[in-house]
Amino acid sequence: MIGAGMTLFRRRLQETGKELCYEAARMALDSAGLTLADVDAVVSGSAPDAFDGVHMKGEYLLDGAGGYRKPYVRVFTGGGTGVFSTIAGWWHVASGLADVVLVVNEEKMSSCQPHAQSVFAHIWDPILDRPLQPNLVWIFAMEMNRYMTVHGVKKEDIALVAVKNKRNAVDHPCAQLADPKITVEDVLKSEVMAWPVQRLDISPPSDGASAVVLASDEVIRKRRIKDRAWISGVGWCIDSTMWTDRDLYFPQYVARAAKMAYKMAKIGDPRREIDFAEPYDPFDYKELHHLEGLLLAKKGEAPKLTREGVTQRDGDLPACPSGGLMGVGNPIAATMGQKIGELFWQLTGQAGKRQIPHEVRTGVSNGWGDLMQYGSVVVMRA
Amino acid sequence: MTARISKWPGKELHADDLYQAKVTQVRFRPDAKYAWSAGEAMSRFLEELQQGRLVARTCRRCKRVLFPPRMFCEECFRPTDGWTYIRDTGTIETFSVSYLDRDARRIAQPILVGVVSLDGASPMMGMMHYFAEMTPDQIRIGMRVKAVWRPPAERRGSVLDIAYFRPLREGEA
Amino acid sequence: MRVGIVGVGMTAFRSSTPEYSWKELMYEAASRAYADAGVDPRTQVDSFLTCAEDYYEGFGIFDEFVPDQIGAALRPTCTVSGDGLHGLANAFMQIQTGLIDVAVVEAHSKASDITTLAGVVEHGLDPIWNKPLGGHPYIVAGLEADAYLRSTRTPARSLGAVVSKNRRNGLRNPHAAYGADVDPAQALASEERFSPLRALDISAPADGAIVLVVASERAARRLRADPVWIRGVGWASDSPSLETRDRAAATYARLAAQMAYRLAKIRAPAREIDLAEVDDRFSYKELQHLEALGLARAGEAGRRALNGDFSIDGRLPVNASGGSLGCGNVFEATGLHRAAEVVLQLRGDAGSRQVDGANVGLAQSWRFVPSASGAVAVLGVGK
Chain F
3 MIGAGMTLFR RRLQETGKEL CYEAARMALD SAGLTLADVD AVVSGSAPDA FDGVHMKGEY
63 LLDGAGGYRK PYVRVFTGGG TGVFSTIAGW WHVASGLADV VLVVNEEKMS SCQPHAQSVF
123 AHIWDPILDR PLQPNLVWIF AMEMNRYMTV HGVKKEDIAL VAVKNKRNAV DHPCAQLADP
183 KITVEDVLKS EVMAWPVQRL DISPPSDGAS AVVLASDEVI RKRRIKDRAW ISGVGWCIDS
243 TMWTDRDLYF PQYVARAAKM AYKMAKIGDP RREIDFAEPY DPFDYKELHH LEGLLLAKKG
303 EAPKLTREGV TQRDGDLPAC PSGGLMGVGN PIAATMGQKI GELFWQLTGQ AGKRQIPHEV
363 RTGVSNGWGD LMQYGSVVVM RA
Chain V
599 MTARISKWPG KELHADDLYQ AKVTQVRFRP DAKYAWSAGE AMSRFLEELQ QGRLVARTCR
659 RCKRVLFPPR MFCEECFRPT DGWTYIRDTG TIETFSVSYL DRDARRIAQP ILVGVVSLDG
719 ASPMMGMMHY FAEMTPDQIR IGMRVKAVWR PPAERRGSVL DIAYFRPLRE GEA
Chain G
1381 MRVGIVGVGM TAFRSSTPEY SWKELMYEAA SRAYADAGVD PRTQVDSFLT CAEDYYEGFG
1441 IFDEFVPDQI GAALRPTCTV SGDGLHGLAN AFMQIQTGLI DVAVVEAHSK ASDITTLAGV
1501 VEHGLDPIWN KPLGGHPYIV AGLEADAYLR STRTPARSLG AVVSKNRRNG LRNPHAAYGA
1561 DVDPAQALAS EERFSPLRAL DISAPADGAI VLVVASERAA RRLRADPVWI RGVGWASDSP
1621 SLETRDRAAA TYARLAAQMA YRLAKIRAPA REIDLAEVDD RFSYKELQHL EALGLARAGE
1681 AGRRALNGDF SIDGRLPVNA SGGSLGCGNV FEATGLHRAA EVVLQLRGDA GSRQVDGANV
1741 GLAQSWRFVP SASGAVAVLG VGK
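In the order they appear, the protein sequences are chains F, V and G.
Using the numbering used here, you'd call the opening residue of the first sequence number 3 and step up by one each time.
Using the numbering used here, you'd call the opening residue of the second sequence number 599 and step up by one each time.
Using the numbering used here, you'd call the opening residue of the third sequence number 1381 and step up by one each time.
Okay, structure coming up:
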């Protein structure tokens, strides 16, 4: 990876989806010292078409994403897209078919009226689930409750993640939800949405776009590109549609994706060999759930690591040093900039005030999506 | 990211900008309607619900009783073997106490909802449904529950033919 | 390293399939493909790709509803928001990385589940420039057809030749939904719809599912004596804007073919390609695509169609399968269907629609109204 860019993440942005793509893509290309003419292929990632209000929205966005008269394809794995599109970009280059690939992820949730929530009515099975008129938050509440109950995790422990990430986000220039003063008590006193989920446990809808530039090592050598980080491992996995048949306390599919990525990266002991992580955290408990799914903590152990400060930016295993989705915002697929982008910026020493104070050489990030089903994992090295 | 960048792209709007049309916008409501064929498994599932029964499929190879029923076993990747009825009692595997309705509007009386694994099906096989005749303080994972069916005349072949699951009482199977 | 197709599974295409859910349709195609390839999806497949769009399926995140019925539960799986050939191209790349040995590509149409098909297609139009005009989305195809016919001076009656050929070819294809003995005059007399397009120029929707099993050379040799090799793939997009794209010529197809020919080392496609399965969702598209693919010179496809050049026993058999006009419009599954047909031809398994002595075939697709995107695959047997 030789460049990255992203827009602000905000509840509502004025730019159209095409314009958001353009801004992020241009920034990424500029940071890599390249122009669109240097790009062999474009991959885009974007989640439900219904947010932007255009069927086949990948087609609609492609000119803003740099896909005009190029090989262009969109991939879509629900909330996993934020990390998955980088994997698709990776195989474009690693297959030898392209030397330089631009990956552009976009989400415009604000165009959906009256509320982006309404789209989530359509992610449920029409016969088994929809008649019960479910709200998206129920998914998280049910998973969170199961995780808490199986391991005896208290809300206080989970709230520590929200506090850490929203405070970390103060140093992120694009952050929507940064809060330097937030406390565990604030989280515990916030309005109950669907118990055990409370308002400050959640990252609300956002608009945004992000982009990364991938290049073959030949291009990197020829152009003597110094700011680069290597994609060492990729993995992805989907679990059965029948989510009511699964025990939600552990994301098996994230673990499988992680094992696939670690195998490729030749990582035998993730807890020791991974220096920092950007686990997907649309809700605070998800960071814990995913640290365990990423095999960075034993099952049920992530809350303890958090309590002990291990996952703080200056801890032994910084998690979401960027501020995560909890602090920066959650424009679904566009979270690539906050996840993958952060791996890149940390590994190339460009994370500014967020830079982890000790040397980091290996980082991992995961995306998560669908009906508590999808895991996409990328390992990057300096 | 590079400390050189001082202005990050994106112009923030506020709710009023949209709702009071302070920004130029185009509105459109898509005409997208669907009527999905339920298929063999779900059609029978719905018919049985209307009769006040829960039906599952069996796979002889992995020996599981699959609920909700399906014509193929996703583990063994082979057609499932037969139909079998399961009980309408079960165990709460997880739940939520929701103060939000489907459109994220606040409601005063919370909805108790969650997943109930059903007796007679393989372990952890279950369905999402409402819980009632219990308070938010009483509901817990591991609680034994039983379906409360709507009167036959009100059933339409839907998961809502069950009104909700209530706590299993002393002496009930 | 070479990549080959080792398994094909297709359901019959029908105007509606009320007895199946989309899951059950996919399961059937997948079962057939795995039986054909001799492969156990639970242990011998490394990656699954489905090609789908939420609004064709009626779900917010269709990706959720794919794994179980194709054997992908707890396996690496993804959704490509594209045509089946986009999926095939990505499977090809996955295998070329060396990470994946066997990949499965799936695509289907359950258009009969959509009760407002025109509304769904219309929803793909630009929300600011085009949607406010209202009108049926196929007007876009009419405008493009008009531009194509005028700029190439193609006589309108060549469209009748295309319709007739493909509907009649459909009669030879047991999978086809709309095989019929339509003659050119009948096509030309059918009711005008989106001029110059008439009723019979437009493919009717159909339900159907296709699954292909794709393998690295090493895995392919293990599984089957004669894999059909993917010699080249290519894909490209012209401008999404109706106002600024090439309307007369299918530039996306030209660019996609250029890429595929380069990989396949094909320098003279008109000579080296033995048969072609190209997108004919609207009759004029077959001609426009043939020219873009370099299989006919600009402005010549229409005349050659009238001469019978593209019939099954013609100089360049095109859409021996019946195409979409004969088989039905299966939306994002169209390209995968065409690739499957080419595979059957190259295996010598195409029954009464067999083209004799076919060694190299081309499959091409377009992502339908209002897109200007498409993909190409060049398949071959032998060394």
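For every residue, glycine included, the Cβ atom is placed at its ideal position computed from N, Cα and C.
Note that the structure is predicted; figures quoted are calculated from it, not measured.
**OP:** Would you kindly work out how many angstroms separate the C-alpha atoms of G237 of chain F and W1609 of chain G, rounded to a whole number?
**Re:** 27 Å
Original post:
Can you name the residues that DSSP bridges to A654 of chain V?
Top reply: V:T682
Subject >> Beta-carbon proximity list for V221 of chain F, same chain, < 7 Å, skipping 5 on both sides >> reply: D101, V102
Original post:
Under 7 Å, do G60 of chain F and R76 of chain F count as touching if we go by C-beta distance?
Top reply: yes
**OP:** Could you have a look at L327 of chain F and say whether DSSP puts it in helix, strand or coil?
**Re:** helix
Subject >> Residues near G1674 of chain G in its chain [Cβ-Cβ closer than 6 Å; skip 5 each side] >> reply: P1649
Original post:
Can you give the Cα-Cα distance for M29 of chain F and T83 of chain F, rounded to whole angstroms?
Top reply: 20 Å
Subject >> Every unbroken alpha helix (DSSP H) inside the segment 1521–1590 of chain G [4 residues or more] >> reply: 1537–1551, 1564–1569
Original post:
Residues of chain F with a CB under 7 Å from the CB of A702 of chain V: which are they?
Top reply: H117, Q119, N137
**OP:** Put V663 of chain V into one of helix, strand or coil per three-state DSSP.
**Re:** strand
Original post:
What does E610 of chain V pair with, by DSSP beta-bridge criteria?
Top reply: F:L15
Subject >> M338 of chain F burial status per 10 Å Cβ neighbour count (16 or more: buried) >> reply: buried
Original post:
Given that A636 of chain V touches chain F, what residues does it touch there, using C-beta distances under 7 Å?
Top reply: I129
Original post:
Looking at the unbroken beta strand (DSSP E) that takes in R704 of chain V, where does it start and where does it end?
Top reply: 704–716
Subject >> Contact list for the segment 1725–1753 of chain G against chain C, Cβ threshold 7 Å >> reply: No chain C appears in the structure shown, which is made up of the protein chains F, V and G.
Subject >> Local conformation of K1645 of chain G per DSSP, three classes >> reply: coil
**OP:** Since I believe L31 of chain F is in contact with L38 of chain F (beta carbons under 8 Å), could you give me their beta-carbon distance rounded to a whole number of angstroms?
**Re:** 7 Å
**OP:** Could you tell me which chain G residues have their CB closer than 7 Å to the CB of M640 of chain V, listed as they occur along the chain?
**Re:** S1401
**OP:** Leaving aside the five residues before and after Q1424 of chain G along the sequence, list all residues of the same chain whose C-beta is less than 7 Å from its C-beta, in chain order.
**Re:** V1482
Original post:
Quick one: is E1404 of chain G near chain V, going by C-beta distance under 7 Å?
Top reply: yes
Original post:
For T692 of chain V and chain F, any beta-carbon pair shorter than 7 Å?
Top reply: yes
Original post:
Does W778 of chain V have its Cβ less than 7 Å from a Cβ in chain F?
Top reply: Here chain V covers residues 599 to 771 and nothing more, so residue 778 of chain V does not appear.
**OP:** Just confirm the distance between the C-beta atoms of V194 of chain F and W370 of chain F, as a whole number of angstroms; I'd bet it's less than 8 Å.
**Re:** Actually they do not touch by this definition, with Cβ atoms about 23 Å apart.
**OP:** Would you list, in chain order, the members of the segment 1438–1460 of chain G that have their beta-carbon closer than 7 Å to a beta-carbon of chain F?
**Re:** F1439, G1440, I1441, D1443, E1444, F1445, P1447, D1448, A1452, A1453, L1454, R1455, P1456, T1457, C1458, T1459, V1460
Subject >> Beta-carbon separation (whole angstroms), G365 of chain F vs E280 of chain F, contact threshold 8 Å >> reply: 7 Å
**OP:** Indicate the three-state DSSP secondary structure (helix, strand or coil) for L1742 of chain G in the structure shown.
**Re:** strand
Original post:
According to DSSP, is D1707 of chain G helix, strand or coil?
Top reply: Checking the sequence shown, residue 1707 of chain G turns out to be Cys, not Asp. Helix.
Subject >> Contact set between V711 of chain V and chain G, taken where Cβ atoms lie within less than 8 Å >> reply: Within 8 Å Cβ-Cβ: nothing; V711 of chain V doesn't reach chain G, min ~19 Å.
Original post:
Would you say A619 of chain V reaches chain G, if we count a Cβ-Cβ gap shorter than 7 Å as a contact?
Top reply: no
**OP:** Apply the 10 Å Cβ neighbour rule to E727 of chain V and answer buried if 16 or more other Cβ atoms are within range, or exposed otherwise.
**Re:** Sequence inspection shows His at residue 727 of chain V; the Glu mentioned does not correspond to that position. H727 of chain V should be labelled buried.
Original post:
Under a three-way DSSP split, which group does H292 of chain F fall into?
Top reply: helix
**OP:** Kindly give me the distance between the Cβ atoms of V1542 of chain G and D1660 of chain G, rounded to whole angstroms, as I take these residues to be in contact under 8 Å.
**Re:** 7 Å
Subject >> Residues from the segment 1471–1491 of chain G in contact with chain F, defined by Cβ distance under 9 Å >> reply: F1472, M1473, Q1474, I1475, Q1476, T1477, G1478, L1479, I1480
Subject >> Contact between the segment 1394–1411 of chain G and the segment 1578–1589 of chain G (3+ Cβ pairs under 8 Å) >> reply: yes
**OP:** Would you list the residues sitting across from K110 of chain F in a DSSP beta bridge?
**Re:** F:D209
Original post:
Shortest alpha-carbon distance to K661 of chain V belongs to which of V:L647, V:G718, V:P734?
Top reply: V:G718
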